[in-house]
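Mature numbering (1 follows the signal peptide of the UniProt record, and there is no 0) puts the sequence shown at residues -23 to -1, 1 to 511.
We put the CB at the ideal spot given by N, CA and C, even for glycine.
Bear in mind that the values here come from a model prediction, so they are computed numbers and not experimental data.
Accompanying notes for the structure given below.
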Amino acid sequence: MRKLFLALVFLILLFGVASYFFAHESAPSVLQSGDFFGENRHLQAMPDSVIASAGAHYQTSKIGEFFLGKHYRPVWAAQVKAKVFHMDEMAGGLRIEKLGGGMQTTSLTLTDSTGHRWALRSLDKDPISVLSPFWRKTFVGSFVRDQVSATNPYAALVVAPLAEALGIFHPTPRLVFVLPSDKSFKQYSELFSNRLFLIEEKYTSKASLTKKFGAATDLVETEDVLQRRYASPHHKIDQWAFARARLLDLLVSDWDRHEGQWDWAEYKQGTETWYKPIPKDRDQALCWYDDGLLPWLATRKFAARKFESFHPAFRDVFGLTINASFLDARALSEVSLADFRRIARELQMSLTDSVLQTAVRQLPPSVYDLVGQETYETLRIRRQQLAKVADEYYHILAKQVIVAGSDEPERFLVQRLAQGRTVVEVYRLNENGVNASKNYSRTFFASETSKIELHGLGGDDVFDIKGDVLVGSTLYVYGGKGVDVVTDNSSVEGWRKKTVVIDGKANVKVAKSEETDVQLSEGKIETLIRFRDK
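This is the structure in structure tokens:
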């Protein structure tokens, strides 16, 4: 990475264009409505809509485009019509709940009188905070800011109809503009004045439930879902619905799908609670990063591989999955290759040419004139590749798989079978230590899966491993906080031990075979299965 960085600096200095390329800081949209501004700045009547551009400051010369990329610069400069946002009129009147946004987006959470939440999110971004303070005021900071032009600011408008056609829950964004004279933002007026935004529903509380969620009882965030899932086996993620949503992510080349990009609808089914995914924040869908010399170098596999672009051909499926790997490993471990293939075929049948055309037509007319037809054709071509991509995605996930229990007592039954098969089943134990219900079952193949992690978490868990085979996947047994029993009666040919038990000395009893590698510590073993190490 250091060599890449030095190479970028050398190229910029060599051509003597650093100050020329990176002269522009992020600036607000400029209104182009002569009816309200210009000679009529003091009109009392408030306009219904205005004509504005999302980011004319991303324009550059031909040589600038050669080094930095053409990206979506014409789209950012395009004049679009947007409704004027009136906080006191929308949804019966909104109030500011909190200032939000990640490292790039300026956003507000707004709430109506019923508690329903809305997110007002800026089209333009400022990713400068990803850099250390030293680099922020240098050409590096300007370069990073300039690369926002690789995103399509209106991409979320396209993705929503696609999700609707696939039965995937989604917010419905609308394009709005905040007037420079709007005082309803109070202390945040400077941040939000004179800019284009998308406003969309936030699905993080029961108050935001609507009819489209059917019998849902609540709306929750990813961290709450994971906490509940690992606390009790009665809480389950709808992994097949999540796989469906993730294939849509791949279709639109949305690489930024970390756990913060999801909300979840909660459903009660008897003694169980199920969670269905609600994807949000489509800032990185349809991106073009690699059409300039410097970003092309920066996005190679040896560098920032995750910045995958929206090409007709899928160039790097693994790169598209990097940011989502933490959640993918925890929410897709039950989905088989046959499941992925079936879901991919369903997507292909549902996303007809008519659906794709309708989705792309959600772009503002001036933007559609620039990139609409190309976007449509790219979606059509990528749709035809979904079955192949689903296979590749499955094999990426299958290399190393996490099988997690919960904080209640469970039995993990592992059977090593011929032809490199390993069957893993997880049962909830009742108070007498008897199998009460099966919570997990999957057959793994050594040709696909090199490593299977079994996590007992809390509770007094039992791990039974058996079977004499020629080849098999390596098992890593993490007992967790309870007092666990591991019985390994398995055998796999070869000099390497294929069962590894990792726990605290006081937390586990191991009946081992020659296949068992026991790694015990003095204290309790804590794993990062629950939440990402921040």
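| request: Just the C-alpha distance for Q56 and D159, rounded to the nearest angstrom, thanks. | output: 21 Å
| request: Give me the Cα-Cα distance between A336 and E141, rounded to the nearest whole angstrom. | output: 10 Å
| task | Take R398 as the anchor and find which of A132, V485, V463 and D445 has the nearest alpha-carbon. | result | D445
| field | Segments of 3+ residues assigned as beta strand (DSSP E) that fall wholly inside the stretch 126 to 189 | value | 151 to 155 and 172 to 179
| request: Would you mind reading off the limits of the beta strand (DSSP E) that contains residue 516? | output: There is simply no residue 516 to check, as the chain begins at -23 and stops at 511 in what is shown.
| said: Measuring only the C-alpha atoms, how far is K253 from L203? | reply: 13 Å
| If we count the other Cβ atoms within 10 Å of its Cβ and call it buried at 16 or more, is P342 buried or exposed? | exposed
| message | At the level of alpha carbons, what is the spacing between A(-17) and K75? | response | Note that A(-17) scores 49 on pLDDT, short of 50, meaning its location in the model is unreliable; the coordinates nonetheless yield the value given after this. Roughly 42 Å separates the two Cα atoms.
| Distance, A218 Cα to P210 Cα | 19 Å
| By DSSP, does S418 sit in helix, in strand, or in coil? | strand
| Counted within 10 angstroms of its Cβ, other Cβ atoms place S126 as buried (16 or more) or exposed | buried
| query | Closest by CA to M326, which one among G410, G144 and K60? | reply | G144
| In this structure, does DSSP put Q350 in helix, strand or coil? | helix
| request: Give me the Cα-Cα distance between D195 and D65, rounded to the nearest whole angstrom. | output: 27 Å
| query | Relative to the alpha-carbon of L314, which residue among Y370, G433 and N129 has its alpha-carbon at the smallest distance? | reply | Y370
| request: Would you mind working out which of A192, S418 and Q216 sits nearest K245, comparing C-alpha positions? | output: A192
| query | Should I28 and K60 be called a contact, given that it needs their Cβ atoms to be closer than 9 Å? | reply | no
| field | C-alpha distance - K183 paired with D215, whole-angstrom precision | value | 19 Å
| query | Tell me, which residues are paired with Q246 by DSSP? | reply | E249
| DSSP three-state call for T451: helix, strand or coil? | strand
| request: Could you tell me if Y404 is buried or exposed, where buried requires 16 or more neighbouring beta carbons within 10 angstroms of its beta carbon? | output: buried
| request: Return the first residue and the last residue of the beta strand (DSSP E) that R338 is part of. | output: That residue, R338, is in no beta strand (DSSP E); it is neither H nor E in DSSP.
| Taking V121 as the reference, which of L406, P256, Q164 and F284 has the closest Cα? | F284
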